[in-house]
Structure formats: C-alpha cells, structure tokens
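To start, the structure under review is shown below, and the notes come after it.
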Amino acid sequence: MEISQTAQNVLRVLTAVGSGERRAVDITRATGQNRTVVARMLATLLEEEYVRREGFEYHPGPALTRLTRAPGLSLVSRARAVL
Numbered sequence: 310m311e312i313s314q315t316a317q318n319v320l321r322v323l324t325a326v327g328s329g330e331r332r333a334v335d336i337t338r339a340t341g342q343n344r345t346v347v348a349r350m351l352a353t354l355l356e357e358e359y360v361r362r363e364g365f366e367y368h369p370g371p372a373l374t375r376l377t378r379a380p381g382l383s384l385v386s387r388a389r390a391v392l
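Per the working numbering: the sequence shown = residues 310 to 392.
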C-alpha cells in the first residue's frame, strides 16, 4: 500500500512534540525536515488544536486529548476485555 509522505511527516512532527521536543528548532532537528516546512506544519497543527503554543514551545493540544477519548480507544476498557 502506498503511503502519504506528507501525512508521515506531520506524524513525525507530532511524535517529536509528544516526545518532549518543544521548540521549533528542536522539532526540525529531530525530524530532519526543512525549517519552513516544519513551521507550516506547526501552524496547521496549532490552527487545528493538535498542538498548543506557550511562548516558543509547542505542547500536545486539546485535539489530541479528544482523540484519546474517542469510543473504542479507551485503554481501561480494552484491558478489562482481556482481564
């Protein structure tokens, strides 16, 4: 199956943010992507609330929290099914 390089790059940015890379320069370094491209991705993720910004730092945003609370994704309910 063919994958989307753009989607993969956005996911790498989100992974970097979730792994503790907070500043755009650190995210750029961690992902190996172009600085301008990372800035545009972060602007889009910020607009869609997948990241939030505090000063020069980016953090996981409320849209990610909503995703983790989506039906069928609950770690507790999955664990109960196995136990």
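Just so you know, even glycine gets a beta-carbon here, dropped at the ideal spot from N, CA and C.
Shown here, R375 sits in a helix according to DSSP, grouped into three states. Using a Cβ-Cβ distance cut-off of 8 Å, the stretch 337 to 345 and the stretch 356 to 363 are not in contact, since fewer than three pairs of beta carbons, one from each stretch, lie closer than that value. Taking the Cβ atoms as the reference, V347 lies roughly 11 Å from V326, outside the contact range of under 8 Å. For R361, the enclosing beta strand (DSSP E) starts and ends at V360 to E363. A buried status is given to V322, since no fewer than 16 other beta-carbon atoms sit within 10 Å of its beta-carbon. Around the beta carbon of L351, 16 or more other beta carbons sit within 10 angstroms, so the residue counts as buried. Taking 8 Å as the cut-off, the Cβ atoms of R331 and E366 count as close.
The beta carbon of P371 sits closer than 6 Å to the beta carbons of E358 from its chain, once the five residues preceding and following it are set aside; these are given in chain order.
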